[in-house]
Amino acid sequence: MYKLVAVGGKLRGTEIQLNEGENVLGRGMEVDHSIRVDGVSKRHMSITVNGDTCFVQDLGSSNGTFVNGKLVKNATVINGDKIAVPNVIFQVVYVKEKKVVVTKKVAKVGDADEAALEFKDTVPKDFIGRVKYFFKHKVMSVIYSFNEQYEWSVMLGILLFIFVCINIGLTIGPVLRDGKELLKNEIVARGGQYAEEVARFNRAALSRGDLNRLNTNFLENSAEDVKSYELFDLEGRIVRPVGKLNSYVEDAFSVKAWKQILGGGEASLRKTIYEVVGDGEIGIGKAILAYDTNTGKEEPVGIIAIRFKPRSWAAQAANQSGSYLEALIITCIVGVVFFGMVYYMTTRPLEIMRLQIEEVLRGKRKELEMPVLFDEIQPLKNTVNSILQRVREMQSEDGGDFAEIEEDGPYVRTLYEFMNGAQGPVIVLNSEKMIEHINPEGEDLTGMRESSAGGTSLLDSARDQGFAATVIDLCDQSANNEGTSQSEVYELTGKNYMIHVSSLIGKDNFAKAFYVTFVEDL
């Protein structure tokens, strides 16, 4: 198994676990391992792992890939080689994997037993149960199919964004539409008053056919927001404005109002025709009625058609767009916060379970105990505990030793005794790579003091993160190679030192303490 440890640059101390097969590294999103550093291309390089062989290939990056200081297009690397990309230096580390082979007789499982292990979910009889069943097996099956192609966190973000948009559309949308409808009705009423005023001034003149008496100064000089108007007789001949005198109506809304008023019967003669005819424009049409002494009732003598473009309509449209945008931004910010809360509340139990499984395997814990309330994960916890119990039983049957709980203390105290007789700088770490002891020479060399750094992680206490990452990497190599000493040259206080790390392996075959020494490389 190979991994990359950043020993220099902006990512110093970072570890990247390489998978079997091709591993694409770069600054982009669609890579196996993301390196978010300036100068690194979106698809910078690939590292292919095939068993014990590791092969590096540059993917046409802008700034190139260097292996041991040489620019390469492709190269085979081994344990200890350094791969450099802009602002980061990685060291290739080969980790010898521990494999435990357990020989156990397994009874043959028949078809009936296999069927018994299948997950079955019957359709409930009650209404609420049926709804839940339909949602789980029909609706969620579509989501599950997407989840097979996209990461769970990406799916959660997409679903949350869709929820935000739907929520805005269903809550704010109706309010804004109602406000727009109310404003439109108010504008139609105001436009109808303009049309009524023109009809009142010109009713008598139209009935007599006296065009010289027609008065539309109100629309031309006083009425606000009137874009255009046409006053015409029942034949469609325009009598005002003067510029269109004796021509016939051609405006689409005027023709439509003319046909609706004259073709709609008695009721249409007395109502105001309105229609949204353009960007922020409303058309207002109304018949002009005059008393006819022959029939003894009011008869139509003309029609007024007004194109009304109120400034309040445009302002309302701008405010509406602003309201949608403001609601979207605020809701998205809140959605991001809730995304983080849901994401970490969901992943925390899994992270706790992973750490506790490792502690059980290292002999520091008997079984998994969930400190958070998560009923849905309890069956998984019980199953894992059962598996761990069976591992104990099989190790016991095969003659293996399984330490229930083995403390680091005895091993740390042993190395402390060795440190007291040492001549050079020495650091003693526990199994978690936390500082237990540093002798005076080690304090002078590393700048760390046992009084302040004791009980803290090496990464938190060391000023040079590259030094901390190098020591931790050597600890891992020693632990995975049965405690044998591992060494590497590193520059400290302007001089090169050979750092040696040895580990004490416990009865459970895990490293319990690390002994770090420094020898100046002359």
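So the sequence shown is residues 16 to 537, counted in my numbering. Ideal Cβ placement from N, Cα and C applies to all residues, glycine included.
key: Best match in Ala320, Ala342, Ile104 and Val203 for proximity to Thr186 [C-alpha to C-alpha]   = That would be Ala342, whose Cα lies nearest to the Cα of Thr186.
key: Inter-residue spacing [alpha-carbon to alpha-carbon] between Gly469 and Val443   = If you draw a straight line from the Cα of Gly469 to the Cα of Val443, it is about 10 Å long.
message = Ignoring anything shorter than 4 residues, give me the alpha helix (DSSP H) runs that lie fully in the segment 171 to 200, in order along the chain.
response = Complete alpha helix (DSSP H) runs here, min 4: none at all.
message = Quick test of your reading: Tyr244 and Ile321, contact by CB under 8 Å. State the CB separation rounded to the nearest angstrom.
response = Yes, Tyr244 and Ile321 are in contact; Cβ-Cβ is about 4 Å, under 8 Å.
ask   = Between the C-alpha atoms of Thr29 and Asp67, what's the straight-line distance to the nearest angstrom?
value = Cα-Cα distance, rounded: 22 Å.
task = Please confirm whether Phe482 and Tyr505 have their CB atoms less than 8 Å apart.
result = Contact flag set, yes.
message = Using 8 Å as the threshold, is the C-beta distance between Asp390 and Val108 below it?
response = For Asp390 and Val108, no; Cβs fall outside 8 Å.
request  = Per DSSP, which residues does Arg322 bridge with? Please list them.
outcome  = Looking at the DSSP output, Arg322 sits in a beta bridge with Ser243 and Gly298.
request  = Count the CB pairs spanning the segment 92 to 112 and the segment 490 to 502 that are closer than 8 Å, and state whether there are at least three.
outcome  = Under the Cβ criterion (8 Å, minimum of three pairs), the segment 92 to 112 counts as touching the segment 490 to 502.
message = Determine whether the beta carbon atoms of Thr532 and Leu460 lie at a separation below 8 Å.
response = No; because the gap between Cβ atoms is not below 8 Å, this pair is not in contact.
inquiry  = Under 8 Å, with one C-beta from each stretch per pair, do the segment 77 to 84 and the segment 98 to 105 reach the 3-pair mark?
reply    = Yes: at least three Cβ pairs fall under 8 Å.
request  = Ignore the nearest five residues each way along the sequence and tell me which others in Leu234's own chain have a CB closer than 8 Å to its CB.
outcome  = For Leu234, where only same-chain residues beyond five positions count, the Cβ hits under 8 Å are Tyr209, Val213, Val241, Tyr244 and Ile321.
Boundaries of the alpha helix (DSSP H) in which Asn524 is found, first to last residue = Taken as a continuous stretch (DSSP letters only), Asn524 belongs to no alpha helix (DSSP H), as it is neither H nor E.
task = Quick one: grab the DSSP three-state call for Phe433.
result = Phe433: helix per DSSP, three-state reduction.
query = Any idea what DSSP makes of Lys85, helix, strand or coil?
reply = In this structure, Lys85 counts as strand in the three-state DSSP scheme.
query = DSSP three-state call for Pro139: helix, strand or coil?
reply = Pro139 sits in coil when the DSSP states are folded into three classes, being neither helix nor strand.
query = Are Ile319 and Trp273 touching if we call contact CB-CB under 8 Å?
reply = Contact flag unset, no.
key: Local conformation of Pro315 per DSSP, three classes   = Strand at Pro315.
inquiry  = Taking only three categories from DSSP, how would you classify Gln438?
reply    = Looking at Gln438 - three-state DSSP - the assignment turns out to be coil, as it is neither helix nor strand.
inquiry  = Please list the terminal residues of the continuous alpha helix (DSSP H) segment that includes Ala494.
reply    = In the DSSP assignment, Ala494 falls within the unbroken alpha helix (DSSP H) covering Gln480 to Ala494.
ask   = Taking only runs of the beta strand (DSSP E) that begin and end inside the segment 24 to 89, which ones reach a length of at least 3 residues, in chain order?
value = Annotation: the segment 24 to 89 contains the following complete segments of the beta strand (DSSP E) (minimum length 3 residues), in chain order: 30 to 32, 36 to 41, 60 to 65, 68 to 73, 80 to 82 and 85 to 87.
key: Beta-carbon spacing of Ser540, Arg58 below 8 Å   = In the structure as shown, the chain begins at 16 and stops at 537. Residue 540 is therefore absent and cannot be evaluated.
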